[in-house]
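See below for the structure under consideration.
2 protein chains.
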Amino acid sequence: MNKLLIVGTVAFDAIETPFGKTDKILGGSASYIGLSASYFQTLNGIVSVVGNDFPKEYFTLLQNKNIDLTGVETIADGKTFFWKGRYHNNLNSRDTLETQLNVLADFSPVVPENFKDADVLLLGNLHPSIQISVVNQMSRRPKLILLDTMNFWMDNSLAELKEALQLVDVITINDEEARQLSGEYSLRKTAKMIADMGPKFVIIKKGEHGALLFHKEEVFFAPALPLEEVFDPTGAGDSFAGGFAAYLTEQDVYNFDTMKKALIHGSNMASFCVEKFGTDNLVNLSKKQIDQRLQEFKKLSHF
Amino acid sequence: MNKLLIVGTVAFDAIETPFGKTDKILGGSASYIGLSASYFQTLNGIVSVVGNDFPKEYFTLLQNKNIDLTGVETIADGKTFFWKGRYHNNLNSRDTLETQLNVLADFSPVVPENFKDADVLLLGNLHPSIQISVVNQMSRRPKLILLDTMNFWMDNSLAELKEALQLVDVITINDEEARQLSGEYSLRKTAKMIADMGPKFVIIKKGEHGALLFHKEEVFFAPALPLEEVFDPTGAGDSFAGGFAAYLTEQDVYNFDTMKKALIHGSNMASFCVEKFGTDNLVNLSKKQIDQRLQEFKKLSHF
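Note that the protein sequences, when read in sequence, are chains E and B.
Going by this note's numbering, the first residue of the first sequence is number 155, and it counts up by one from there.
Going by this note's numbering, the first residue of the second sequence is number 155, and it counts up by one from there.
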């Protein structure tokens, strides 16, 4: 099986939505990406950092999904990254109520030996210098490098972000952030400008409105599945990225046509993620559920 | 050829977008619907009203597109409906700067004899009592009746709107308005509640984010084509409705599968509409342009 290396946060989240609230639960980009990727025929490993307060049961949960945690460092006298947020009624926007960087403040990722030859590398949303440091630790250039980022790094570390973009093949970014990064409103123009910064494939995420994949003059659109209930959008973008990257790793083909299918697989995983709080739905899916919903995506958009 | 009867406004618009502004130009829902429908193999007629200030050249323009204007009444001492608006920078929202109802205030539509047996009836966005009066004038029940509406009628004439909804097969409505009408946020639930009010087919328009078609447990999504430039969104929804209704009229098949294709044809016409000011692009399209872009829609969403 091919190897997918995931770099990102393993964290605590406390979430409020119009439908309820949680105490500290398992969160973090790498957790969502890893759980989403665990439904594909790939070897998945995480590089991250936690504190001594991180519960053993969460390690077990991830390991039961065959996620390799060799690269997750535990800082003996540190506390785990914590994020607390409240979603607005429409679930499309949220306020951050609290952020404790804790062990993330000094995070210096170390890629374990067994994943230095990963076929695909997914750089979750982190400081671009951390993302670069991981690329530099690989023993060979991965067949595909994906990078996720956010407006915070554009505002505070733009030079480093631009350096990181030179190293990657695919960027995933949301529509507002893409417009901020390019200074263009038209998403078609935006994608071209971002591609000029490095990534040959540009994925623009539009939340409940789906996602666009741009490559040269080509464009593909994956809709989000209209769901009866959306409980909690936390992790949707990461589940999407996890499904996208893992499908490509599994197929071991990295062209536009395969990426179209990968985009649908990513949207599929995201659709499960948002139906329950946190990672609740991602830990308990069956192959049958996943395959059935893929058919719904086909019915949704083929004419 | 089958007949499509269009009821709506024929009007003057003055438009400001970030890219420029126009004086009074041809506008109105029926104008956009008619021009969009003129690219299909159908007999299209408009029922509307204008004032004595309405220029002959606009009549000629519509007639040159083989649109039957027998049902467009000219009020000798009246002035044509006028709307002036300004779009915000993102083109997704706009302010109405001026509305002069003029002859529309006393509009009492009269369906001409030659269109009382229309195969398809499209009720453009107007007072629901006017929409009902047109249905009642038909000599036979059309094979399909479509209704477009907006929040203004929900706020001011909800009882009449609900009466009108009992009479129609298809409603086209935007996402915010659908949520207002149903009181539900989930579009899937929203569509079910609106279907319970009458229309078996519910189309929810999401502007640049595409459109959804709901029917019983089925759902289909038509993306909007990502364009290099959007100049002026005015008339996009009407061009969409015109293409949708005219394709069905041409095919003379009114089931879910045909409606999927119709939704793409509608989105296709809307994509042309927004590329220039007002109706400028809709009056000069070639069959080849239209067919080519339909292929782009296929490439955009088939995987």
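C-beta atoms are modelled at their ideal positions from N, C-alpha and C, and glycine is treated no differently.
On a predicted model such as this, the values are computed, not experimentally measured, just so you know.
query	result
Per DSSP, the bridge partner or partners of E330/B	Beta-bridge pairing links E330/B to no other residue.
Local conformation of E362/E per DSSP, three classes	helix
Span of the alpha helix (DSSP H) around F457/B	Segment: none, F457/B is in no alpha helix (DSSP H) and carries neither H nor E.
Chain E contact residues for V373/B, given Cβ-Cβ distances below 9 Å	L379, P380, E450, K453 and L454
R342/B: contacting residues in chain E (beta-carbon distance under 7 Å)	P380, L381 and E382
Selection of the region 233 to 244 of chain B by Cβ proximity to chain E, strictly under 8 Å	N243 and N244
Residue-level contact to chain E via CB, L366/B, 9 Å cutoff	yes
F173/B: first and last residue of the uninterrupted alpha helix (DSSP H) it sits in	It is not in any alpha helix (DSSP H) - F173/B carries neither H nor E in the DSSP assignment.
Nearest-angstrom beta carbon gap, V324/B and I357/B [assumed within contact, 8 Å]	6 Å
Residue closest to K219/B, alpha-carbon to alpha-carbon, out of Q443/B, Q446/B and L439/B	L439/B
Under 9 Å between C-beta atoms of F208/E and K453/B	no
Sequence-distant residues of its chain with Cβ nearer than 6 Å to A424/B (five each side left out)	A390, S393 and F394
Assigned exposure category for F306/E - 16 Cβ within 10 Å defines buried	exposed
Limits of the alpha helix (DSSP H) - the one that A191/B falls within	S183 to A191
Residue from A332/B, I229/B, A365/B and E170/B with nearest C-alpha to E252/B	E170/B
Beta bridge counterpart(s) of I348/E as assigned by DSSP	Paired residue(s): none; I348/E is not in a bridge.
Short CB-CB distance (under 9 Å) between H369/B and chain E	no
Beta-carbon proximity of H456/E to H419/B, cut-off 9 Å	no
Three-state class that DSSP yields for D222/E in the structure shown	strand
Same chain, Cβ closer than 8 Å to D177/E, five either side skipped, listed in chain order	A168
Residue burial classification, P172/E (beta-carbon count within 10 angstroms, cutoff 16)	exposed
Cβ shell of T404/E (< 6 Å), same chain only, five flanking positions each side left out	Per the sequence shown, residue 404/E should be read as Glu rather than Thr. Contacts found: F194, Q195 and T196.
E458/B: first and last residue of the uninterrupted alpha helix (DSSP H) it sits in	Residue 458/B is absent from the model: chain B starts at 155 and stops at 457.
L312/E versus S283/E: straight-line alpha-carbon distance, rounded	11 Å
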